[in-house]
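Working notes, beginning with the structure itself.
Numbering (my numbering), first residue to last: 1428 to 2545.
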């Protein structure tokens, strides 16, 4: 590798380098202890030098050869190249002699020579960098680190090294100093100390725990848990930076491999080969701030500037960060609770700069408001960029109203189908909140509760005057205090839209909901069926949902969302949440609030695996351990908290609290996000600490909490007694202590206000790794349990085989962006169908696992086996099909193995394979393998050859058809009773290929000669039997009389002679002979040496252990 010229003062310091070649201008050296004659490592000297190179991160560890440039009479040397072996370094040396040496003699001064050599070397480096994964802006050290990474671990060239760190890995109580390499798919560590070499390669997708810990020996270390093994790394220079990057890479792998739809929509990191440390950091920042400000998911963070914000109508100045997004300017103070503001670019009227020492920018928006941002670096360039962005943003948004209204400008009705749909659906979409219709306020007769409600409204109006109203309202501690007290009912819908960010979606998509309603009305799906069943279970006590008005609005919103997002469709608990939204928000607003909750605020909550809810439950458990340790000591089983809190998270406490109290919780949720639910959960457990510690079992604890929730009231609620759920139980349980929801929420904020958004965000990322691995382990256990009924593998062996199968699936995804495996992974499918492999992946596993993998025609055997297993012709097989095939190879009897071989050489498995490149022999390229594996798909379309392909539920498409799976299960039961007499006869071409396969399998066996002789005898016997049968029927042509002589006299080890005999024996198509399976079986049973060969036992455990150890390196070579 060419190196950026670097000065070397001592060309042979401490005698660590030995001279190999030299001339007037260049010196080729070898590191002492490397490349010794005879293959030695230099003894003690080699160990010491190797240790020194490893500890000091010397390039010589992986590149023990180097070339130095010198000029005559000078004591200064420049390193210009290094190499891992003699071949590489000699190639560089020869290039220098042929291209540089002759030119150097024309220069007059040494300075000119050195300058010329440096320029040439830099040119070579630039030329190499065009196709390299290392970009031009990467430092020189990174190029060296990449070379060491590739040399030490031997991973595929496409594996992208992100960064590397010096650290110690703790092997027991002994620290091993080395280097930690973080790449796109792996965490790798390398250390070499006094002859002891340590290599660790841990895939990100296998990590279940990643955390910063401390112990007696070290203040901080990073703990990694993978497949039940614990790894500890310490002594980082920047441990926080390292840990954050490890978190990002682990979550990136999880998203890519377990959540493919979300990953495919992520344009930033959709190409793993383009991942860099800077890209990961930028993405993390963008996701963090976009989530904090509740912006649309499409928004990308462009810039961050430290500055001061002078708040309008106030003398207060706050320090914080200005965040520039595609369509928004946002600001948040250093203490996030102090101040935050969002300015849509379409609202900006002017951007001006103040020419003074303050380096200030004034942004004027609609509504006669202006914001002054001061002390901004490069503020002049920022003003220019903002003016350009505001001009671009105003063009497409000119006709979009910024008010949260149900309809758009009627003048635009002709511009597209969305607005037309809105106009046509105006009669069906409700334009007011249900609460205004079913609980109108009586302004003439105000009771004490209504007076308090009016006082709340007045407080909010004062806040609006001081800090603004609408999207650009400044949110301060006063705002939070008012939210904690409860939002007035007349403002609830408006402020929910604002705090959730749903207002941004609604104003930029006018007419979208009305058009969606029109398109979804009358459709029938599994989701709509579930929606219909749950409609009247949604707040049945409320009069709004005892009428057609409320039920119809609920149906439209849920059906429209299922139509918008079929991946989620409909999930239980969505009906309860949507019912509350419809009470206080207009129908279109309720739809966009549901979008904000399902797709941004509670991601992955409402799907089949409810991963998001499980992640937040894990976060909740972690917070309980931290804040309520005495409760943790009493409740030994953490699953109690998980089962108990699931409904809290899924319904935002609506299902457990009276409606008049639950809406206050929803107020806090839309303002603070999931943090509000976590804080309230902790406050509930803390409030009931005494009774819970006195409980003897889980049932008693559930009773305590249910009784508590029944007694949570909202004394300021203006709802009538007919609507309030808590009022019906208040008299009957007057002896119980009442708890006001406002007091409970205030206590939650005071006690657990130190739980910051950043902490929750980080805990969510860590917990997601654990939850994913738990779900994957559950999937494995279910698959193993189902498959174990049909195979002879032990449970532990099946688990090992499953791990190998799944790992191959992931290895195919690591470096192949168009991977079939990645496209077809769908966690919503039944367990057996979640992981499937194609023919190329099966070939790799066949080479590793099959006891017949040494055969010359192993590619053909792998292809035919795959075609046999792929009964539904979708070019994919699942683990059950895979394990059944290898169960026969490992545990099958002689008859079962022979039956498998027989099936491989008849349709639908068998197809004549001829490689495009005869020089490769029987080896098939990936393109050839794919073509042959899919050959039967096209044939089956015409009803040819694949008559045995069964109709089965399509893999990876749509919902599961239970009837189809029951039919498939019945077919499988009938298949088990298959009789050998049902097998079709084998024709001439197929029998010849079977004979070749036998010879290939026997090659290299200790009893090779006896096996060849035996198979020749069997072949001769079968041909004679067929000849006799033909003669008895009087249909044998004259030429076949030579068959017996040929088969009897030819060399038994020659398959070509058998093929020749077969061709002579069948000059005409109508005279081709064939064999039944019983004939072949009976003939082979007479040869004990062949029976012994196939019944030879295999050490399954040892084979699986060998494959697991070599799978990564084998896959890399492929």
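Glycine included, every Cβ here is placed at the ideal spot set by N, Cα and C.
Enumerate in chain order the residues of its own chain whose CB-to-CB distance from residue 2472 is below 6 Å, with the five nearest sequence positions on each side excluded.
Low per-residue confidence applies at residue 2472: pLDDT is 42, beneath 50, and the placement is therefore not dependable, though the value from the model is reported in the following sentence. Scanning its chain for C-beta atoms nearer than 6 Å, with the 5 sequence neighbours on each side dropped, one finds no residue around residue 2472.
Leaving out five residues before and five after residue 2529 in sequence, what residues of the same chain have Cβ atoms less than 7 Å from its Cβ?
Cβ within range, chain order: n/a, list empty.
Secondary structure of residue 2032, DSSP reduced to three states
Note: residue 2032 maps to coil in three-state DSSP.
Does the beta-carbon of residue 1940 have 16 or more other beta-carbons within 10 angstroms, so that it is buried, or is it exposed?
Residue 1940 should be labelled buried.
Mapping the DSSP letters down to three states, classify residue 1434 as helix, strand or coil.
Strand at residue 1434.
Compare the beta carbon distance of residue 2145 and residue 1931 with 8 Å and say whether it is the shorter of the two.
For residue 2145 and residue 1931, no; Cβs fall outside 8 Å.
DSSP on residue 2195, reduced to helix/strand/coil?
Three-state DSSP puts residue 2195 in a helix.
Bounding residues of the beta strand (DSSP E) (the contiguous stretch that carries residue 1781):
Residue 1781 -> beta strand (DSSP E) spans 1775 to 1781.
Buried or exposed (CB count within 10 angstroms, at least 16 for buried), residue 1843
Any reading at residue 1843 needs caution, since the residue's pLDDT is 36, under 50, leaving its predicted position unreliable; the model's value is listed next. Looking at its Cβ environment, which holds fewer than 16 other Cβ atoms inside 10 Å, residue 1843 is exposed.
Short of 8 Å in beta carbon distance, which residues of its chain neighbour residue 2285, apart from the five on each side in sequence? Order them along the chain.
For residue 2285, same chain residues with a beta-carbon under 8 Å away, outside a window of 5 residues either side, are 2273, 2274, 2277, 2279, 2349 in chain order.
For residue 1761, which residues of its own chain have a beta-carbon under 6 Å away from its beta-carbon, when the five flanking residues on both sides are left out?
If we look at residue 1761 and ignore the five residues flanking it on each side, its Cβ neighbours are 1746, 1747.
Please state whether the Cβ-Cβ distance between residue 1909 and residue 1890 is less than 8 Å.
Taking a C-beta distance under 8 Å as the contact criterion, residue 1909 and residue 1890 qualify as a contact pair.
Just the C-alpha distance for residue 1737 and residue 1713, rounded to the nearest angstrom, thanks.
Residue 1737 and residue 1713: Cα-Cα distance of roughly 25 Å.
Please report how far the alpha carbon of residue 2534 lies from the alpha carbon of residue 2228, in whole angstroms.
C-alpha separation (whole angstroms): 10 Å.
Whole angstroms are fine: how far does the CA of residue 2315 sit from the CA of residue 2185?
Distance between the alpha carbons of residue 2185 and residue 2315: 54 Å.
Compare the Cα-Cα distances from residue 1547 to each of 1536, 1528, 1535 and report the closest residue.
The option with the nearest alpha carbon to residue 1547 is 1528.
Please tell me whether residue 2096 and residue 2079 are closer than 8 Å, where the distance is taken between their beta carbons.
Going by C-beta atoms, residue 2096 is nearer than 8 Å to residue 2079.
Contact belief for residue 1670 with residue 1596 at Cβ below 8 Å, rounded distance in angstroms:
Not quite, the Cβ-Cβ distance comes to about 15 Å (not below 8 Å), so this is no contact.
If I measure Cβ to Cβ from residue 2008 and keep anything under 7 Å in the same chain, skipping five residues before and after, which residues do I get?
Here residue 2008 has 2017, 2020, 2021 as same chain residues with Cβ atoms under 7 Å from its own Cβ, once five neighbours each way along the sequence are excluded.
Pop quiz: residue 1790 and residue 1770 are said to be a contact at Cβ under 8 Å. What is the actual Cβ separation, rounded to whole angstroms?
Contact holds; Cβ gap of about 6 Å.
Counting C-beta neighbours from all protein chains within 10 Å, is the total for residue 2035 16 or more, i.e. buried, or is it exposed?
Classification for residue 2035: exposed.
Pairing CB atoms from the stretch 1536 to 1547 with CB atoms from the stretch 1574 to 1582, are three or more of them under 8 Å?
Short answer: they don't touch.
Tell me the DSSP secondary structure of residue 1987 in three-state form.
DSSP, read as helix, strand or coil, puts residue 1987 in helix.
Can you confirm whether the stretch 2024 to 2033 touches the stretch 1988 to 2008 when touching is taken to mean that 3 or more C-beta pairs between the two stretches lie within less than 8 Å?
Touching, per the Cβ criterion.
Just checking my contact of residue 1881 with residue 1912 at CB under 8 Å: how many whole Å lie between their CB atoms?
About 14 Å; that fails the 8 Å criterion.
In the DSSP output, which residue or residues are listed as bridge partners for residue 1798?
Paired residue(s): 1790.
Assumed close pair residue 2093, residue 1902 - CB separation to whole angstroms, cut-off 8 Å
At roughly 17 Å, the Cβ-Cβ gap does not stay under 8 Å, so residue 2093 and residue 1902 are not in contact.
Classify residue 1867 as buried or exposed, calling it buried when 16 or more other Cβ atoms lie within 10 Å of its own Cβ.
It is exposed - the Cβ of residue 1867 has fewer than 16 other Cβ atoms within 10 Å.
So, with DSSP's three-state summary, where would you put residue 1542?
DSSP places residue 1542 in the helix class (H, G or I) of the three-state scheme.
Does the stretch 1614 to 1633 touch the stretch 2168 to 2184, meaning 3 or more C-beta pairs lie closer than 8 Å?
Contact between the stretch 2168 to 2184 and the stretch 1614 to 1633 is absent, because fewer than three Cβ pairs lie under 8 Å.
Using a Cβ-Cβ cutoff of less than 6 Å, which residues in the same chain neighbour residue 2041 once the five nearest sequence positions on both sides are dropped?
2198, listed in sequence order.
Same chain only: Cβ atoms within 8 Å of residue 1589, ignoring 5 sequence neighbours per side
Here the set comprises 1609, 1610, 1611, 1672, 1676, 1702, 1703, 1704, 1707.
For residue 1541, is the classification buried or exposed, using 16 other Cβ atoms within 10 angstroms of its Cβ as the cut-off for buried?
Flag for residue 1541 reads buried.
According to DSSP, is residue 1744 helix, strand or coil?
Of the three classes helix, strand and coil, the one that applies to residue 1744 here is strand, per DSSP.
Name the DSSP beta bridge partners of residue 1950, please?
Partner(s): none; residue 1950 has no beta bridge.
Are residue 1924 and residue 2012 close, meaning C-beta to C-beta below 8 Å?
Annotated as proximal: residue 1924 and residue 2012, with beta-carbon spacing under 8 Å.
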